[in-house]
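Residue numbering for the sequence shown follows the working numbering, starting at 3 and increasing by one per position.
What follows is a short report on a single structure.
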Amino acid sequence: MKPYTVRLVFRILHGEDTHSGVFEEQIRLVFAESKEEADEKARAIGVAENFTLPQIETGFVKWEFVGILELNQVDDLSDGMLLTSISRETSDPKGFLKYLSHRESLQNEASEPVG
């Protein structure tokens, strides 16, 4: 079995708002004998991740599998290797950096021992 990275894309819908531009990208590791099998397994994961959660404000939040954005074979797994890279362009660099700092602080809080 060979390892593959796959980038799955989901659309997140809130209630009846079909004009929402919220998307989630998930990067997954899949083991398969071929690229075709990796694609099949990734699609099955995407379909299995379709779900709806009830919400008081909007009625529901729905994750809808859109498709596979990227599928790459990983030739040799090693500690610290780059699996994938995402570049983003923003019209608000300061706001994006503030968002990253906030996410990092939440991650650090979550990794601190309790007690």
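Built from N, CA and C at the ideal position, the CB exists for glycine as well.
Distance, residue j Cα to residue i Cα
{"i": "serine 80", "j": "proline 5", "result": "12 angstroms"}
{"i": "asparagine 52", "j": "arginine 9", "result": "15 angstroms"}
{"i": "lysine 37", "j": "glutamate 59", "result": "42 angstroms"}
{"i": "glutamine 2", "j": "glycine 48", "result": "Any answer about residue 2 is impossible in this case: the structure gives the chain only from 3 up to 117."}
{"i": "aspartate 94", "j": "lysine 43", "result": "37 angstroms"}
{"i": "glycine 61", "j": "leucine 55", "result": "9 angstroms"}
{"i": "serine 87", "j": "lysine 96", "result": "21 angstroms"}
As assigned by DSSP and simplified to three states, the class of residue i
{"i": "valine 24", "result": "coil"}
{"i": "isoleucine 47", "result": "helix"}
{"i": "leucine 84", "result": "coil"}
{"i": "arginine 105", "result": "helix"}
{"i": "asparagine 110", "result": "helix"}
{"i": "glutamate 42", "result": "helix"}
Buried versus exposed call for residue i [16 or more other C-beta atoms within 10 Å across all chains shown]
{"i": "alanine 34", "result": "buried"}
Of the listed residues the options, nearest to residue i (C-alpha basis)
{"i": "glycine 69", "options": "Phe25, Glu18, Gly97", "result": "Phe25"}
{"i": "serine 89", "options": "Gly82, Phe98, Leu15", "result": "Phe98"}
{"i": "leucine 73", "options": "Val32, Gly17, Glu18", "result": "Val32"}
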